[in-house]
Amino acid sequence: MARLHPLQTILSPILGPLSLAYGSLAYAKRALTHHGTLKSASLPKPCVAVGNISWGGTGKTPVTDFLLTRAAQQGLRAAVLTRGYGAHPPHLPYPVQASSPPGECGDEPLMLKRSHPEADVVVDPVRLRGGLSLAGGLPDFYILDDGFQHVAVRRDLDLVLLDIEDVLHDAPGRNPSNWNRVIPRGSWREPERSLRDAGAFLIKAEPEDWPALVPSLKKRLAAFPRPVFAFRMAACGLAPVSDAARSLPGPEGGYAFVSGIGAPGQAIRTASAFLGREPSARLDLPDHHDYTGEKARLEHLGLPLVCTAKDAVKLAELRLSAPCWSLSVRAEFHASLSAEQIAGTADKDTTPSPSFDTWWSEWQQAHIPAHT
C-alpha cells in the first residue's frame with residue numbers, strides 16, 4: 101500500500117506548490133497526447149493497459165496474471181509489453197523466455213513467462229517497438245504493464261488500480277487519505293482528473309473491507325462513473341524453490357517469510373492464513389530486491405523459507421541449501437459496483453452489478469473479434 105510518510109503530512113503546505121507543478125506537467129502530457137500535439141501510436145491489435153495512479157503494490161501483476169489465465173482458457177494469444185523494472189537486457193526489444201536470467205529481464209516478466217509459457221512477454225521501455233517485434237505473428241491482444249501513464253501508446257481499455265489508502269476518508273486512528281496527493285506531497289503520479297481516461301477501476305481489498313469502502317468509492321469516484329471491481333489475493337499452494345524443498349509438502353513448525361515486494365504486510369497475512377500460523381521471522385526487503393550475495397544471510401536464519409512468486413525466480417538462482425517454497429497466489433474477484441451505482445443513477449442500489457469475469461468477457465467479445 102502507498103501510505104504517506106509522516107513528513108509528507110507535516111510538510112504538506114511546503115510541498116503543495118511542488119505537487120501542483122508536478123501534477124500539472126503530468127496532466128499536460130496526457131492532454132497534449134489526446135489533442136494530437138504529442139505523438140501517440142496504436143498497436144495493430146487491441147491494447148489493454150493495467151496500471152495505477154499512485155506508486156506502490158496495488159496488485160497490477162496479479163491482475164495481469166488473471167488476464168493471461170483467462171486468455172489461455174479461451175485459446176487467445178496475449179502479449180505483455182513491459183519496461184522490465186530493474187532489468188538489464190543485452191538488447192531491445194527483449195523477448196522473455198522461461199530460461200531467461202532474472203537480471204536480464206526482471207523478476208515480474210520472468211514470473212509471468214514461467215506461469216504462462218503460451219504468452220509473449222517482451223521487455224522494452226519503448227512499448228510500441230516491443231509490441232511490433234513479436235515473432236510468429238500478431239497476438240489477439242496486448243497487455244500494457246504499468247501502462248496508465250504510458251500515453252505514447254493508445255489503448256482500447258485502461259484498467260486503473262486504486263489503493264485502499266487512496267480511497268478511504270480521513271478518520272480518527274486511520275492514516276491520512278492519499279487521495280489526489282500528487283508527488284512529492286503524496287504518492288499519486290497524476291492528479292485525479294486523469295481518472296477520466298479509466299475504463300474500469302480495480303481495488304485490492306479483503307471481503308471484510310468492502311462494506312467500509314463502498315461509500316468512500318461512491319464519493320471519490322462520483323465524477324468518474326466507471327465500474328469498480330474488488331479482488332483479494334487467494335493462496336493456492338506452495339511451489340518448491342530449492343532442491344531441499346522438493347520432497348517436502350511445506351514447512352513444519354517455524355518458518356521465515358522473505359519478500360522484496362511493494363506490500364509485504366498483505367503477503368505475510370496471506371501466507372499466515374494459508375499455513376495456519378504466522379512466520380517465526382521475516383525479512384522485508386525493498387521492492388525488486390537483488391538477492392545476489394544474500395545466500396549466507398538467508399541460510400543463517402536457520403529456518404525453512406517461504407517467499408513470494410516474484411522473489412522465487414531470483415532465490416532459485418542462489419541454490420539454497422535450506423528448504424524454500426514460494427507461495428502461489430491468484431487474484432480472486434469478490435465484489436463490484438456498477439457505473440450506475442457509482443453515479444447514483446441505478447434504479448435500486450441493491451441491484452447486482454456484473455462480476456469482473458462477466459464484464460471482462462463482454463468487453464472481449466465486443467472488441468477482440470472486431471480486430472481479428
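Each number in this note's numbering corresponds to the 1-based position in the sequence shown with 100 added.
Don't be surprised by glycine CBs; every beta carbon is placed ideally from N, CA and C.
These numbers were taken from a predicted model, which means no experiment stands behind them.
Residue i: which of the options sits nearest, CA to CA?
i, options, result
"Leu313", "Gly184, Val222 and Leu262", "Leu262"
"Val163", "Glu208, Trp288, Pro189 and Pro340", "Glu208"
"Gln465", "Ala435, Asp224, Asp240 and Cys205", "Asp240"
"Asp309", "Ala330, His400, Trp459 and Ala409", "Ala330"
"Ala396", "Ala252, Leu321, Leu418 and Arg369", "Leu418"
"Leu238", "Ala298, Thr137, Ala219 and Pro225", "Ala219"
"Pro315", "Gly444, Gly151, Ala179 and Ala339", "Gly444"
"Asp411", "Ala363, Ser372, Ala431 and Ala373", "Ala363"
"Gly350", "Gly360, Leu259, Ile361 and Gly337", "Gly337"
"Glu399", "Phe248, Thr161 and Val358", "Val358"
"Arg183", "Phe374, Asp246, Ala198 and Trp155", "Asp246"
"Ala131", "Glu462, Ala298 and Ser294", "Ser294"
Using the rule of at least 16 other Cβ atoms within 10 Å of the residue's Cβ for burial, across every protein chain shown, is residue i buried or exposed?
i, result
"Ile264", "buried"
"Asp256", "buried"
"Asp343", "exposed"
"Ile153", "buried"
"Ala470", "For Ala470, the predicted model reports a pLDDT of 47, less than 50, meaning its position is unreliable; a value from the coordinates is still stated below. Counting Cβ neighbours within 10 Å, Ala470 comes out exposed, since fewer than 16 surround it."
"Leu120", "exposed"
"Lys139", "exposed"
"Gly376", "exposed"
"Ala345", "buried"
"Gly365", "exposed"
"Arg296", "exposed"
"Lys213", "buried"
"Asp447", "exposed"
"Thr158", "buried"
"Ala367", "buried"
"His250", "buried"
"Glu290", "buried"
"Arg369", "exposed"
"Thr161", "buried"
"Leu125", "exposed"
My understanding is that residue i touches residue j, with C-beta atoms under 8 angstroms, so please give their C-beta distance in whole angstroms.
i, j, result
"Cys407", "Ser421", "Not confirmed; about 15 angstroms, so no contact."
"Ser181", "His216", "Correcting the residue type first, residue 181 is Leu in the shown sequence and not Ser. In fact, because the Cβ distance is near 14 angstroms, the residues do not count as touching under 8 angstroms."
"Pro301", "Arg281", "Correcting the residue identity first, residue 301 is Phe in this sequence and not Pro. Their Cβ separation, rounded to whole angstroms, is 18 angstroms, which puts Phe301 and Arg281 out of contact at 8 angstroms."
"Val223", "Pro189", "5 angstroms"
"Ala334", "Val429", "6 angstroms"
"Gly90", "Ala179", "What is shown of the chain runs 101 to 472, which leaves residue 90 out entirely."
"Ala431", "Phe166", "4 angstroms"
Between which residues of its own chain and residue i is the CB-CB distance below 8 angstroms, once the five residues before and five after are set aside?
i, result
"Pro452", "none"
"Ala141", "Leu228, Ala252, Val253 and Arg254"
"Ile442", "Leu317, Lys318, Leu321, Ala322, Phe324, Pro325, Arg326, Pro327 and Val328"
"Gln108", "Leu115, Arg281, Pro284, Arg285 and Gly286"
"Glu394", "Leu418"
In chain order, what residues of the same chain lie with their CB nearer than 6 angstroms to the CB of residue i, ignoring the 5 residues before and after it?
i, result
"Phe456", "Phe329 and Phe433"
"Gly186", "Gly206 and His388"
"Leu437", "Val328 and Ser453"
Return the chain-ordered list of same chain residues with a C-beta closer than 7 angstroms to the C-beta of residue i, the five sequence neighbours on each side being excluded.
i, result
"Leu348", "Pro423"
"Pro415", "Pro is not the amino acid found at residue 415; the sequence shown has Leu there. The residues are Val341, Tyr391, Cys407 and Cys424."
"His467", "Pro146 and Asp256"
"Gly116", "Arg285"
"Ser112", "Arg285"
"Gly123", "Val282, Glu290 and Pro291"
"Ser199", "none"
"Glu306", "Arg332"
Return yes when the C-beta of residue i is under 6 angstroms from any heavy atom of the ligand NAP, and no when it is not.
i, result
"Ala128", "The ligand NAP is absent from the structure shown, which contains no ligand whatsoever."
Open item on the list: I'd like to know if the segment 170 to 179 and the segment 374 to 384 are in contact, where contact means that at least 3 CB-CB pairs between them fall below 8 angstroms.
Closed with: no
Task: Segment contact, 8 angstroms Cβ cut-off, at least three pairs: the segment 233 to 250 with the segment 143 to 150 - done: yes
Task: Contact between the segment 192 to 207 and the segment 398 to 405 (3+ Cβ pairs under 8 angstroms) - done: No, because fewer than three Cβ pairs between the segment 192 to 207 and the segment 398 to 405 fall closer than 8 angstroms, the two stretches do not touch.
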